[in-house]
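Asks:
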Amino acid sequence: MAQSGYDCAMKESIRTRLESMRAAMRRHEVAACMVPSSDPHLSEYLPPRWQGREWLSDFTGSVGTFIITPDFAGVWTDGRYWTQAETELAGSGVQLMKISSGASTQYVDWLAETLQPGQVLAVDGAVLGLSTARLLQARGITLRTDLDLLDEVWSDRPGLPQAPVYEHERPYADKTRAAKLAVLRAEMARQGASHHVISTLDDIAYLFNLRGSDVNYNPIFLAHALVERERAMLFVAAGKIEPGLAGLLAADNVFVEPYEEAADALAAIPSGSTLLLDPRRITFGTRQAVPESVAVIEAINPTTFAKSRKTAHEADYVRATMVQDGAALCEFFSWLEQTLADPQRAPLDEYAIGQHLLQARRRRPGFVSPSFGTIAGFRANGAIMHYRAPAQGSAVIEGDGLLLIDSGGQYTGGTTDITRVVPVGAISQEHKRDFTLVLKAMMALSVAQFPRGVKSPMLDAIARAPLWAAGIDFGHGTGHGVGFFLNVHEGPQSISPSTPPEPHTAMEPGMITSNEPGIYRPGKWGIRIENLVLNVPAADSEFGEFLRFETLTLCPIDTRCVDQSLLREDEVRWLNDYHATVRQRLRPHVSGAALRWLEQRTEAL
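Here UniProt numbering is used: the first residue of the sequence shown is 1, the next is one more, and so on.
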């Protein structure tokens, strides 16, 4: 297929930007430049100012590391993005460098092999993760971190976001800011720390009961925080916190300071103090600002644990949020089926799917924004794990095949994330077999019982076992933590084979995690079924406490895609019980066509 004029112009623009970067490298006598997909807070979703990797390469995936030398430019990314990257990088002069599963730092090996002794790698220390910097240094790579070459070549680079910060108030926030700070300070004292620096935005939003909209999809704001024994400093850009809110913060001994003064505050920590920091959640530049006279304790942010363990109050709000989200999904899927069945309808494409789903959620109380960009992939596009349908030229939903829809919402009472697959036209026995295998995998994890404190990555094999038995696997983790009106991807738990089973990954009561196995056949179809689940007590025995999963998500699983002959009796019973719960919980909140759709799609097998 010939490229459009827009595509050709964009590729030429990328090549021009690459040459500008190489010219800047020559001026500063550096042999290579690295642009990670990160900001000063190591966020997953980046404000426009720090989307330099995308600006230089035209690769829009959320994960990737860009490296340029005088005669090479490449983006390292994992299997979730290979198909997308091959399309977006074609003709740009930027190569796709494929990262194999569990080897996310292969670019470090490449740099160590490519750079000669004495040659310098430039990377902005303000966005370079401390742990990554240490990996580079351990391989003998000479770093120059005081250069931000993007500023030299990106003439219209966006500034800092200016959206206001607001309070996440009761009844949703059941713990006060002062109470959360007291818990944090108790943990600091236990570890012997007088100071604690926090840069991760969801930790800051949680700790101070504040929210914002500086980052797409996540209700957070750009800030650093420095917590001391008696006071805390919150470094935020001027004008984002109005005087009334600043006064409320000051009443809790939280003082608002200019965003750009965070490094100076670290440099001013008194000699003999002890600073607690999380080496995986701060940048190299932040660490460099700490004086040598200050002792440093490296450990996970205590707030990362605290916010992952939802209180009973928060869990109740999430359950109520799931009802509203489920009702919106009933309205959407009812509309979708009616639309697809209308022979006189106008063409419906993947992009429109996301827009209609967004409108359905906007009609529900408490809705704030999507929790990520909707993935609506028809046929082969469903096999692209993080597919994004373009506004222009996305696939039309017509003919026969499977449509995968992965979406979620941010509500004041919780965060949702759900994937469902629906049949369009006639589907094959192969479609049904794959769908049923994925369903079996999802159900296997749903009914698991496990010891409290088990390392979350160890649960991954439970979901994969039904697929492995069929000689099938999938290239992403089975589950990620989910925040409470916070980030849709939250640690410390992760049900994934690529996550080391470290102590901080232990499963504890109150954690919310996704359960989302899949099968992806490139060029054919993709299937993923995803619910969110909550860790709740299951049993006590002489062997200790055990937990189980409570399924939170409320939306029918399309049984038209199920090959019932592949299901055991207990699996049929689980599915029927789940659908009975969905019907009972959602029925009072829908009417008309949405209610009829709900009752039809929750009929027992």
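No residue lacks a Cβ here, since even glycine has one placed at the ideal position from N, Cα and C.
Considering only their Cβ atoms, is the gap separating residue 375 from residue 357 smaller than 8 Å?
Replies: no
Asks: Report the option in 163, 305 and 473 whose CA atom is closest to the CA atom of residue 79.
Replies: 473
Asks: Going by alpha carbons, who is nearest to residue 663 out of 484, 520, 513 and 458?
Replies: Residue 663 lies beyond the residue range present for the chain, which begins at 1 and ends at 605; the question has no answer from this structure.
Asks: DSSP three-state call for residue 51: helix, strand or coil?
Replies: coil
Asks: How many angstroms separate the CA atom of residue 1 from the CA atom of residue 348?
Replies: Caution is warranted here: a pLDDT of 37 is assigned to residue 1, below 50, making its placement in the model unreliable, and no coordinate value can be reported.
Asks: How should residue 610 be labelled, buried or exposed, when 16 other C-beta atoms within 10 angstroms of its C-beta is the threshold for buried?
Replies: The structure shown does not extend to residue 610, since the chain is modelled only from 1 through 605, so no value can be given for it.
Asks: What are the boundary residues of the beta strand (DSSP E) that includes residue 227?
Replies: 224 to 227
Asks: What does the alpha-carbon distance come out to for the pair residue 438 and residue 395?
Replies: Approximately 24 Å between the Cα atoms of the pair.
Asks: Once you ignore the five residues that flank residue 105 on each side, which residues in its own chain have a CB closer than 8 Å to its CB?
Replies: Excluding residues within five positions, the ones whose Cβ falls inside 8 Å are 132 and 135.
Asks: If you follow the alpha helix (DSSP H) that residue 446 is part of, which residue opens it and which one closes it?
Replies: 429 to 446
Asks: Just curious, the beta strand (DSSP E) that residue 77 is in, first and last residue?
Replies: 72 to 78
Asks: Can you look up residue 2 in the DSSP assignment and give me helix, strand or coil?
Replies: Here the model assigns residue 2 a pLDDT of 41, short of 50, so the residue's position is not dependable and the matter cannot be decided.
Asks: Taking the alpha helix (DSSP H) that residue 466 falls in, what are its first and last residues?
Replies: 460 to 468
Asks: Considering Cα atoms alone, identify which of 26, 428 and 292 is closest to residue 563.
Replies: Minimum Cα-Cα distance from residue 563 among the listed residues 26, 428 and 292 corresponds to 428.
Asks: With distances taken between CB atoms, is the gap from residue 122 to residue 96 smaller than 8 Å?
Replies: no
Asks: One question on the structure: do residue 212 and residue 382 come within less than 8 Å of each other, judged by their Cβ atoms?
Replies: no
Asks: Using 8 Å as the threshold, is the stretch 319 to 338 in touch with the stretch 547 to 563, meaning 3 or more CB pairs across them?
Replies: yes
Asks: Which residues in the same chain as residue 279 place their Cβ atom closer than 7 Å to its Cβ, once the five residues preceding and following it in sequence are excluded?
Replies: 130, 131 and 298
Asks: How would you write the range of the beta strand (DSSP E) that residue 406 sits in, first residue to last?
Replies: Under the DSSP assignment, residue 406 falls in the beta strand (DSSP E) whose first and last residues are 401 to 407.
Asks: Secondary structure at residue 313, three-state DSSP: helix, strand or coil?
Replies: Looking at residue 313 - three-state DSSP - the assignment turns out to be helix.
Asks: Can you say whether residue 361 is buried or exposed, counting buried as having 16 or more other CB atoms within 10 angstroms of its CB?
Replies: buried
Asks: Taking the alpha helix (DSSP H) that residue 308 belongs to, which residues open and close that run?
Replies: Judged by DSSP secondary structure, residue 308 falls within the alpha helix (DSSP H) whose first and last residues are 302 to 308.
Asks: Using a Cβ-Cβ cutoff of less than 6 Å, which residues in the same chain neighbour residue 66 once the five nearest sequence positions on both sides are dropped?
Replies: The residues are 35, 53, 56, 57 and 75.
Asks: I'd like the list of long-range same chain contacts for residue 165, defined as Cβ closer than 6 Å, with 5 residues on each side in sequence excluded.
Replies: 210, 212, 221, 240 and 241
Asks: Might you give, ordered along the chain, the residues of its own chain that have their beta carbon closer than 7 Å to the beta carbon of residue 609, omitting 5 neighbours on each side?
Replies: It is not possible to answer for residue 609, since the shown part of the chain is limited to 1 through 605.
Asks: With a floor of 3 residues, list each beta strand (DSSP E) that falls wholly inside the stretch 232 to 277, ordered by position along the chain.
Replies: 232 to 236, 254 to 258 and 274 to 277
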